[in-house]
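Engineer:
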Amino acid sequence: MTIPDIFIRKTNADGTFESNLTPAIIFNYMDFRKLLMSDDIAKLCDDLEELRGYVADAVGFKWGNGFFRFSNIFGNEYTFLITGNHKGWRLAVWDHHGGASIATTSIPKDSKERGEVITKVLKATERHTVGYIQCSACKEEVPIATANKHAYFAGRYCDTCWDSKYKQLEANENYN
Ligand SMILES: [Zn+2]
23 MTIPDIFIRK TNADGTFESN LTPAIIFNYM DFRKLLMSDD IAKLCDDLEE LRGYVADAVG
83 FKWGNGFFRF SNIFGNEYTF LITGNHKGWR LAVWDHHGGA SIATTSIPKD SKERGEVITK
143 VLKATERHTV GYIQCSACKE EVPIATANKH AYFAGRYCDT CWDSKYKQLE ANENYN
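Next comes the structure, spelled out in structure tokens:
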């Protein structure tokens with residue numbers, strides 16, 4: 023694979039080493055698209071894992087969520103994860119601040135369809151950057167401020183879906 027720029031985030035402005043820093047590998051949105059358009063997703067996952075190991079070793083960091091990110095056209099960063107196997111691959115994207123789910127989708131085999139899916143995912147992050155998120159249930163777009171009041175795990179919900187279902191699930195969760 024083409025190795026992109028690797029950013030290793032440091033806590034100190036003067037560049038001194040921090041042993042407890044959290045690394046992240048950030049692709050710009052054009053490289054993110056190129057990665058996802060790969061003919062061989064299994065190999066891509068292996069390559070990413072190799073890259074993760076390389077960076078983790080470089081900073082002495084063993085494990086972490088949110089290792090892989092892409093930055094959208096506004097420069098905001100989103101965490102992504104590819105899961106699955108040769109029978110089917112899935113892409114999940116989260117807001118790296120709050121862990122809110124931005125998009126989960128299958129990765130189509132057909133390259134035209136796949137291109138459209140990637141465009142949709144990037145659009146979803148752009149809408150998120152300017153203050154909107156899709157309801158995790160009905161996919162209606164809602165202001166983030168509203169959705170953050172209606173959170174169940176990584177899901178964020180509109181008023182209607184929250185009141186009809188997720189409010190109760192979240193309440194049950196709290197009693198356990
Ligand atoms: Zn909804």
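The opening residue of the sequence shown carries number 23 in the working numbering; numbering runs sequentially from there. Cβ atoms here follow ideal geometry from the backbone N, Cα and C, with glycine treated the same way. Computed from a predicted structure; not experimentally measured.
#1: Could you tell me whether the Cβ atoms of PHE96 and VAL115 are closer together than 9 Å?
#2: Could you tell me which residues DSSP puts in a beta bridge with TRP111?
#3: Can you list every residue whose CB sits closer than 6 Å to some heavy atom of ligand 1, going in chain order?
#4: Going by beta carbon distance, what residues of the same chain come within less than 6 Å of CYS157, once the five residues before and after it are set aside?
#5: Rounded to whole angstroms, what's the CA-CA distance from HIS108 to GLU192? Just pull it up for me.
#6: My assumption, with CB atoms under 8 Å, is that ILE48 sits in contact with ARG91. Please give the rounded CB distance.
#7: Nearest to ILE140 by CA position, among ASN50, ALA46, ASP36, ARG55, is which residue?
#8: THR147 and TYR100: beta carbons closer than 9 Å?
#9: Look up SER93 in the DSSP assignment and give the residues it is bridged to.
#10: So does LYS65 have its beta carbon nearer than 8 Å to some heavy atom of ligand 3?
#11: Roughly how many angstroms lie between the CA atoms of LYS249 and TYR174, to the nearest whole one?
#12: Any idea what DSSP makes of ALA125, helix, strand or coil?
#13: What span of residues does the beta strand (DSSP E) with GLU148 cover, start to end?
Structural biologist: On the basis of the supplied data:
#1: Position 74 of the sequence shown, counted from the start, is the residue given in the question as residue 96. Position 93 of the sequence shown, counted from the start, is the residue given in the question as residue 115. Result no, Cβ atoms of PHE96 and VAL115 do not sit closer than 9 Å.
#2: Numbered from 1 along the sequence shown, position 89 holds the residue referred to as residue 111. Paired residues: GLY106.
#3: CYS157, ALA159, CYS160, GLU162, TYR179, CYS180, THR182, CYS183
#4: Position 135 of the sequence shown, counting from 1, holds the residue named residue 157. Hits under 6 Å: VAL164, TYR179, CYS180, CYS183.
#5: One-based indexing of the sequence shown puts residue 108 at position 86. One-based indexing of the sequence shown puts residue 192 at position 170. Going from the Cα of HIS108 to the Cα of GLU192 covers about 35 Å.
#6: Translated into the one-based positions of the sequence shown, residue 48 becomes position 26. Translated into the one-based positions of the sequence shown, residue 91 becomes position 69. Between ARG91 and ILE48 the Cβ distance is about 5 Å, and since that is below 8 Å, they are a contact.
#7: Locating residue 140 in the sequence shown gives position 118, counting from the first residue. Checked all of ASN50, ALA46, ASP36, ARG55; the closest Cα to ILE140 is ARG55.
#8: Here residue 147 corresponds to residue number 125 of the sequence shown, with the count starting at 1. Here residue 100 corresponds to residue number 78 of the sequence shown, with the count starting at 1. Yes, Cβ-Cβ distance for THR147 and TYR100 is below 9 Å.
#9: Start at 1 with the first residue of the sequence shown, and residue 93 comes out as number 71. Note: SER93 sits in a beta bridge opposite ASN50, GLU99.
#10: Of the ligands this structure carries, namely ligand 1, none is ligand 3.
#11: Residue 249 cannot be examined here, being either before or after the span of the chain that is shown, 23 to 198.
#12: Locating residue 125 in the sequence shown gives position 103, counting from the first residue. The answer is strand: DSSP assigns ALA125 an E or B state.
#13: Within the sequence shown, the letter at position 126 stands for residue 148. Note, GLU148: premise wrong, no beta strand (DSSP E); alpha helix (DSSP H) at 133-151.
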